[in-house]
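S.K.: Counting with the working numbering, you get residues 1 to 161 for the letters of the sequence shown.
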Amino acid sequence: MLPSSSSSLEYQRTEKVTNLHFYYHDIKNKNNPTIVQIVNTPKNVPNEFGSTYVMDDEITEGPEMNSKNIGRAQGLFGQASLHGIGMFMLTNFVFTNGTYAGSTLSMLGMNPVSEQNRELPIVGGTGMFRFARGYAIANSLYSISSPDNFVMEYNITVYHL
Numbered sequence: 001m002l003p004s005s006s007s008s009l010e011y012q013r014t015e016k017v018t019n020l021h022f023y024y025h026d027i028k029n030k031n032n033p034t035i036v037q038i039v040n041t042p043k044n045v046p047n048e049f050g051s052t053y054v055m056d057d058e059i060t061e062g063p064e065m066n067s068k069n070i071g072r073a074q075g076l077f078g079q080a081s082l083h084g085i086g087m088f089m090l091t092n093f094v095f096t097n098g099t100y101a102g103s104t105l106s107m108l109g110m111n112p113v114s115e116q117n118r119e120l121p122i123v124g125g126t127g128m129f130r131f132a133r134g135y136a137i138a139n140s141l142y143s144i145s146s147p148d149n150f151v152m153e154y155n156i157t158v159y160h161l
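Shown next as structure tokens:
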């Protein structure tokens, strides 16, 4: 085995900064859900603490469901706060259409859902977002069409190779 170091690289890549703005759609209805509860909260636990969900939400350019699809938000989230609504989220933004098709961003962190302008860390990525790090600012927009449908707005700044 030969040792290696970053100084042995033949060239240095320039780091890029990309700003993204998109929406994803949580659909809880019984006919075509994009989020499903996989762990229920025991009856004696307050605030739905421990409730866990899996999601596969559509990502669009605009807040309307008929906006151009650019990918999926796939992952897990669970109620991880005994005080208020705080979801621990593990989400991959999988880009399937447009400039970033075939690339992903990974977000991991606490999401205090009842607050506006929530900041969550971007901890990695693939494809065009290899070695990604950055942050996401999330806002909840509640759907007019149904109380079971929610629209989440994301503004992401990411540094990558």
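Even for Gly, the Cβ is constructed at its ideal location relative to N, Cα and C.
(1) Please give the ranges of any beta strand (DSSP E) in the stretch 51-117, keeping only runs that are unbroken, at least 3 residues long and fully inside the region.
(2) Looking at the structure shown, is residue 153 part of a helix, part of a strand, or coil, going by DSSP?
(3) Measuring straight from C-alpha to C-alpha, what distance separates residue 69 and residue 142?
(4) Residue 121 bridges to which residues according to DSSP?
(5) So residue 18 is in the beta strand (DSSP E); what residue range does that whole segment cover?
(6) For residue 26 versus residue 65, is the C-beta distance shorter than 8 Å?
(7) Looking only at DSSP bridge pairs, what is residue 35 linked to?
(8) Mark residue 82 as exposed unless 16 or more other C-beta atoms lie within 10 angstroms of its C-beta, in which case mark it buried.
(9) Using 8 Å as the threshold, is the stretch 125-140 in touch with the stretch 99-115, meaning 3 or more CB pairs across them?
(10) Within 10 angstroms of its Cβ, does residue 38 collect 16 or more other Cβ (buried), or is it exposed?
(11) For residue 116, count neighbouring C-beta atoms within 10 Å of its own C-beta (all shown protein chains included) and say buried if the count is 16 or more, exposed if not.
(12) Below 8 Å on the Cβ atoms is my guess for residue 88 versus residue 95; work out the distance and round it to an integer in Å.
(13) Taking residue 120 and residue 138 to be in contact with their CB atoms under 8 Å, please state how far apart those CB atoms are, rounded to whole angstroms.
(14) Closer than 6 Å by C-beta to residue 13: which residues in its own chain qualify, once you throw out the five before and the five after it? Chain order, please.
M.R.: Looking at the atomic coordinates:
(1) 52-60, 69-79, 87-95 and 104-111
(2) Here residue 153 corresponds to residue number 153 of the sequence shown, with the count starting at 1. Strand, per DSSP.
(3) Position 69 of the sequence shown, counted from the start, is the residue given in the question as residue 69. Position 142 of the sequence shown, counted from the start, is the residue given in the question as residue 142. Each residue's Cα considered, the two are about 19 Å apart.
(4) Taking the first residue of the sequence shown as position 1, residue 121 is located at position 121. BP columns for residue 121 point to 135.
(5) Residue 18 sits at position 18 when you count from the first residue of the sequence shown. Per DSSP, residue 18 is one residue of the beta strand (DSSP E) stretching across 16-27.
(6) Position 26 of the sequence shown holds residue 26. Position 65 of the sequence shown holds residue 65. No. Outside cutoff.
(7) Reading the sequence shown from its first residue, position 35 is the one you call residue 35. Beta-bridge pairing links residue 35 to 55.
(8) Residue numbering aside, residue 82 sits at position 82 when the sequence shown is read from its first letter. Result: exposed.
(9) yes
(10) Counting from one through the sequence shown, the residue named residue 38 turns up at place 38. With fewer than 16 other Cβ atoms within 10 Å, it is exposed.
(11) Numbered from its first residue, the sequence shown carries residue 116 at position 116. Residue 116 should be labelled exposed.
(12) Numbered from 1 along the sequence shown, position 88 holds the residue referred to as residue 88. Numbered from 1 along the sequence shown, position 95 holds the residue referred to as residue 95. The Cβ separation is near 24 Å, so there is no contact.
(13) If you number the sequence shown from 1, residue 120 lands on position 120. If you number the sequence shown from 1, residue 138 lands on position 138. Indeed, because the Cβ distance is near 6 Å, the residues count as touching under 8 Å.
(14) Numbered from 1 along the sequence shown, position 13 holds the residue referred to as residue 13. If we look at residue 13 and ignore the five residues flanking it on each side, its Cβ neighbours are 161.
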